[in-house]
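Okay, so here's the structure we're looking at.
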Amino acid sequence: MIRKFYALALFVALLAVCNSISAQTQASDPDKWVDYVAVDYDMIPNITYATANNTELKLDLYLPKDRSKPHPTLILFHGGGWVAGQKERNVFWLLPYLSMGWAAINVEYRMAPNSLAPAAVEDCRCALRWATYNAQRYNLDASKFVLTGTSAGGHLALITGMLPAQNVFDRQCPTNDSTRWTKGTEPETKVAAIVNWFGITDVADLIDGPNAKHYAIEWFGSMSNRQELARQVSPLSYARAGLPPVITIHGDQDNVVPYSHATQLHAALDKAGVPNQLVTIRGAGHGGFNREMMVNSFAAIREFLRKQKVL
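Using this note's numbering, read the sequence shown as starting at 20 and increasing by one per residue.
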């Protein structure tokens with residue numbers, strides 16, 4: 020099993036090294052990945068998990084053919100600075116987990132400029148709640164949900180898993196009507212761990228000042244309260260005891276999401292007593308990791324999840 024995990028991690032690294040693959044290659048990837056996983060998995064595409072602004076929000080569900088027992092489940096949020104990206108072009112991030120017999124959920128969400136902050140956060144929270152409410156139906160192990168994503172997707176994985184149970188961002192979720200959905204029984208939403216690939220942790224840092232980034236500014240548009248809202252959607256604002264374990268992989272030469280976002284988050288998690296690990300990729304920028312970096316990163320993730328008893 021370990022050998023298969025490493026082999027697939029290497030396969031990911033060889034064929035889809037983070038952001039370095041060309042747009043032409045990315046455009047042809049979805050069918051390749053679907054064909055690849057179809058041998059061992061049933062894929063249910065484009066399930067509607069919520070509706071917002073008259074738009075049906077979709078997710079793809081990957082289920083092992085053997086569903087005799089509940090499976091740990093990876094929930095993936097794609098990157099793209101909250102302004103770009105497609106779930107179908109990120110299937111390769113699922114492969115190491117699928118190789119271990121996990122289920123997986125690949126989530127789309129609303130993006131700028133059509134939908135400004137905090138729409139993406141609201142959607143990802145709804146996707147997590149959808150998974151919780153549908154765990155029994157699809158034989159998902161609701162005690163072993165692992166959230167992951169790259170860049171903006173890493174931010175969304177963090178904020179989705181770190182927000183308290185009572186928060187303003189769940190108000191759009193259809194499952195808020197617990198009487199309708201569960202006949203009065205509210206299932207508890209749990210996250211077993213978060214795997215953060217170079218994600219944003221201090222959103223306010225990116226909309227003003229020396230670290231301001233165009234993608235973050237576009238996500239907020241011209242709203243007058245953007246600094247306050249940015250703090251509300253910053254994972255760093257929610258570091259506290261009792262959070263799910265967090266592992267971050269981040270290059271120390273990243274000029275898209277500053278490496279300081281990783282160090283500040285993990286310092287705060289240390290202070291709060293939250294199990295965590297920061298894997299620093301020396302000399303690396305924003306993704307584009309080489310084969311050795313990718314294989315070592317997935318090995319660190321696997322060991323971290325083992326220590327947290329997710330595996």
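From the three backbone atoms N, C-alpha and C, an ideal C-beta is built for every residue, glycine too. None of these values were measured; they are calculated from a predicted model.
Identity of the residue in the options nearest residue i by Cα
| i | options | result |
| --- | --- | --- |
| Y278 | C143, D221 and L93 | D221 |
| N133 | A260, H174 and F239 | F239 |
| E207 | A150, D289 and E237 | A150 |
| V210 | R86, V329 and V276 | V329 |
| L135 | N72, L78, A319 and A154 | N72 |
| P332 | A258, A260 and E75 | Since the displayed the chain opens at 20 and closes at 330, residue 332 lies outside it and no answer follows. |
| R321 | V165, H269, Q105 and A281 | V165 |
| S316 | Q105, L297 and K326 | L297 |
| A235 | G104, V58, I178 and G100 | G100 |
| H285 | I268, M242 and Q105 | I268 |
| P137 | L177, R86 and R245 | R245 |
| R250 | I178, K106, A154 and Q272 | I178 |
| Q155 | E107, R86, V56 and M313 | R86 |
| V56 | A123, Q105 and G104 | A123 |
| F217 | I226, K106 and M313 | M313 |
Beta-carbon proximity check, residue i vs residue j, cutoff 9 Å
| i | j | result |
| --- | --- | --- |
| E141 | Q185 | no |
| I219 | P263 | no |
| S125 | L175 | Checking the sequence shown, residue 125 turns out to be Asn, not Ser. No. |
| V276 | G172 | no |
| K290 | A258 | yes |
| L82 | N158 | yes |
| W121 | T169 | no |
| Y152 | A139 | no |
| V252 | F188 | yes |
| P64 | A161 | no |
| A281 | T299 | yes |
| Q11 | G302 | With the chain represented from 20 up to 330, any question about residue 11 goes unanswered, as that position is not in the structure. |
CB-CB length for residue i against residue j, believed under 8 Å
| i | j | result |
| --- | --- | --- |
| K84 | Y60 | 7 Å |
| G228 | N274 | Their Cβ separation, rounded to whole angstroms, is 15 Å, which puts G228 and N274 out of contact at 8 Å. |
| E247 | A131 | The pair is not a contact, with the Cβ atoms about 18 Å apart (cut-off 8 Å). |
| Q283 | L255 | 6 Å |
| D224 | N230 | 5 Å |
| N309 | I266 | Between I266 and N309 the Cβ distance is about 20 Å, and since that is not below 8 Å, they are no contact. |
| R293 | A260 | Note on residue identity: the sequence assigns Val, not Arg, to residue 293. With 8 Å as the limit, V293 and A260 qualify as a contact, their Cβ atoms being about 7 Å apart. |
Assigned exposure category for residue i - 16 Cβ within 10 Å defines buried
| i | result |
| --- | --- |
| P3 | Outside the displayed range of the chain (20 to 330) lies residue 3, so it cannot be described from this structure. |
| T201 | Note that T201 scores 48 on pLDDT, short of 50, meaning its location in the model is unreliable and no value can be drawn from it. |
| H97 | buried |
| M20 | In this predicted model, M20 has a pLDDT of only 49, less than 50, meaning its place in the structure is not dependable; the value taken from the coordinates is given anyway. By the neighbour-count rule (16 or more Cβ atoms within 10 Å), M20 is not buried but exposed. |
| E311 | exposed |
| N109 | buried |
| G306 | buried |
| G270 | buried |
| V58 | exposed |
| G180 | buried |
| M242 | exposed |
| T44 | Because the pLDDT at T44 is just 38, under 50, the model does not fix this residue reliably, and the value given afterwards should be weighed accordingly. Under this definition T44 is an exposed residue. |
| A46 | At A46, the pLDDT of 40 sits below 50, so the modelled position is not reliable; the number obtained from the coordinates is stated separately. By the neighbour-count rule (16 or more Cβ atoms within 10 Å), A46 is not buried but exposed. |
**Prompt:** Contact between the region 89-102 and the region 113-129: three or more CB pairs below 8 Å?
**Reply:** yes
**Prompt:** Counting pairs of Cβ atoms below 8 Å between the region 68-80 and the region 145-162, do you hit three or more?
**Reply:** yes
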